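My numbering puts the first residue of the sequence shown at 325, with every later residue one more than the last. Below is one structure, written out as structure tokens, with a few remarks after it.
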Amino acid sequence: MTETSTCRICEGTVRRFVDFGEQPLSDAFRDPSDETEEFFYGLAVGHCSGCDMVQLMEAVPRERMFHEGYPYYSSGSTVMRSHFQTTAARLISEYATGEDPFIVELGSNDGVMLESVARAGIRHLGMEPSASVAEVARSKGVRVREAFFEKATALEILEQDGPADVVYAANTFCHIPYVDSVLAGLGELLVPEGVFVFEDPYFGDVIEKASFDQFYDEHFFLFTATSVAGMARRFGFSLVDVERLPTHGGELRYTLAREGRRTPTLRVARMLQEEARRGLTSPAALRAFADRVRANGDRLVGELRALRDQGKRVVGYGATAKSATVLNFCGIGPDLLEYVCDTTPDKQGRLTPGSHVPVVGHDRFTEAYPDYALLLAWNHADEIMAKETGFRDAGGRWIHYVPEVRVV
Ligand code: SAH
Ligand code: TYD
Ligand code: ZN
């Protein structure tokens, strides 16, 4: 695995600081009868000293990840459904104020956010290359175009629908290595005072919680306010607002506007100062992170082996994309986990990518509670703990690995 690569933002040198080895596609749940060779790529993460951006050393071609069989449905979490209802209401009240406003979403998935916009009767368009989830959005009355957003498709939207007042993207912009094309497209598509609002996992939380499984094929960038402000400037935008979100284990919501068109809020300056004070991407912080990743991985495997040797039943909870990183990095397979339960029909009856643990429905979990459950969907811990009191009452215990390995 190479030690350096070229930065996607500034073309500077990206230096590797952690290496997770060969990894499968995180959302490629396998049919047990599939005998074709599984695809692997090298997952290592680097930092660019030129523009401070944290990014993967190798990009997986987008069509391998986002296609008609994409199995991640955003509406699978009650907390996230309500988060996106609130978000829609805010986008509408803040930006859909003119006559006949137009809202565009990148990565609209199953319509979890845009369904509220559609219900409000507001002109909208979801850009969503994965047919599986786009179809569900359409069934909710959402207007979707099955395509990747980039400069060429932005120009097509502009021609068909005219300019957009706001473009929104949740957990999607960080999936896109070709930011130059996307930001050029936004430069064409947005009205002069228009904004690009996006939210993604925050590298500040990754460092704080050692949540290393935020790194996988789809998460090409892990942003900070500092790196986003620099990226925006390079492409003619500026960071005009930033907000912390509790979703997905800690995220930031960023608002970009064309340079000089909107005045940045005080929050931006405060966040930049806080990041500088914390030294989020200092060589020492990155080294300490890599050390913690190795130590936590070793402890987790040690714990699971000890439980197996005691004859305990241990399962995984939530067949998340991020768990591909922890399972494959630690070498956790069907010898250590009996199954992983997940509520997504498209994942059930399949095997977890690379590690080949059977994915089963949630009823398997409640029918005969195991002794231990490894919380792979740790970013939904509050929601899951609240509804799985029966497991605790039956004597079951949770295994956490973020921010450190704990059995509770
Ligand atoms: N916004 C949803 C979905 C996130 S998953 C949520 O927060 O839950 C990321 C989504 O982005 C996937 O549905 C994927 O198909 C889509 N995607 C990937 N590249 C894209 C691009 N260039 N333009 C638009 N959507 C894209
Ligand atoms: P998530 O952590 O949102 O994203 P990613 O796949 O990008 O890491 O995935 C959550 C997964 O967990 C999804 O497959 C649905 C599943 N899930 C359950 O099985 N039960 C639950 O109560 C919740 C909230 C999620
Ligand atoms: Zn750079």
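Glycine included, every Cβ here is placed at the ideal spot set by N, Cα and C. Source: prediction; values computed, not measured.
Could you tell me whether any non-hydrogen atom of the ligand TYD is closer than 8 Å to the CB of residue i?
| i | result |
| --- | --- |
| D529 | no |
| K464 | no |
| D695 | no |
| E542 | yes |
| G422 | no |
| D666 | yes |
Quick check: what's the CA-CA separation for residue i versus residue j?
| i | j | result |
| --- | --- | --- |
| I500 | V650 | 22 Å |
| Q484 | D504 | 23 Å |
| V638 | G422 | 55 Å |
| L482 | P588 | 27 Å |
| V506 | N620 | 36 Å |
| E532 | L610 | 11 Å |
| A442 | R623 | 48 Å |
| A494 | M437 | 9 Å |
| T410 | A420 | 15 Å |
| D358 | A692 | 29 Å |
| F497 | G719 | 42 Å |
| F653 | F472 | 30 Å |
| R594 | V566 | 10 Å |
| D687 | L513 | 46 Å |
| V625 | R591 | 41 Å |
| P570 | A549 | 16 Å |
| R388 | S456 | 14 Å |
| A648 | D424 | 44 Å |
Since residue i and residue j should fall inside the 8 Å C-beta cutoff, what is the C-beta to C-beta distance between them, to a whole number of angstroms?
| i | j | result |
| --- | --- | --- |
| A701 | Y396 | Not confirmed; about 12 Å, so no contact. |
| T668 | G400 | 6 Å |
| F547 | V342 | The pair is not a contact, with the Cβ atoms about 17 Å apart (cut-off 8 Å). |
| V530 | D489 | Not quite, the Cβ-Cβ distance comes to about 32 Å (not below 8 Å), so this is no contact. |
| Y696 | R716 | At roughly 12 Å, the Cβ-Cβ gap does not stay under 8 Å, so Y696 and R716 are not in contact. |
The ligand ZN and residue i: does any heavy atom of the ligand fall closer than 8 Å to the residue's C-beta?
| i | result |
| --- | --- |
| M377 | yes |
| I500 | no |
| I333 | yes |
| V503 | no |
| G655 | no |
| V338 | yes |
Report the three-state DSSP secondary structure of residue i (helix, strand or coil).
| i | result |
| --- | --- |
| C375 | coil |
| E567 | strand |
| M595 | helix |
| V515 | strand |
| S606 | coil |
| E470 | coil |
| Y482 | In the sequence as displayed, the identity of residue 482 is Leu instead of Tyr. L482 falls in the helix class under three-state DSSP. |
| G657 | coil |
| V683 | strand |
| S329 | strand |
| D343 | strand |
| T649 | helix |
| R585 | coil |
| I723 | strand |
| R279 | Residue 279 lies beyond the stretch modelled for the chain, which goes from 325 to 732, so this question has no answer here. |
| C498 | helix |
| T411 | helix |
At the 9 Å Cβ level, is residue i part of the contact set with chain E, yes or no?
| i | result |
| --- | --- |
| V515 | Chain labels in this structure do not include chain E; a single protein chain is all it has. |
Between residue i and the ligand SAH, is the CB less than 8 Å from at least one heavy atom?
| i | result |
| --- | --- |
| Y394 | yes |
| G431 | yes |
| F472 | yes |
| N703 | no |
| S454 | yes |
| S398 | yes |
| T644 | no |
Pair every Cβ in the stretch 465 to 479 with every Cβ in the stretch 450 to 457, then say whether three or more of these pairs are closer than 8 Å.
yes
Does the stretch 564 to 579 come into contact with the stretch 511 to 531, if we say contact requires no fewer than three beta-carbon pairs (one atom in each stretch) closer than 8 Å?
yes
Cβ contact check for the stretch 663 to 681 and the stretch 603 to 616: 3 or more pairs under 8 Å:
no
Counting Cβ pairs, one atom from each stretch, are 3 or more of them under 8 Å apart for the stretch 554 to 562 and the stretch 369 to 379?
yes
Could you tell me whether the stretch 536 to 543 touches the stretch 339 to 349, using the rule of 3 or more Cβ pairs below 8 Å?
yes
Tell me whether the stretch 380 to 392 and the stretch 404 to 414 touch, counting them as touching only if at least three CB pairs, one residue from each stretch, are closer than 8 Å.
no
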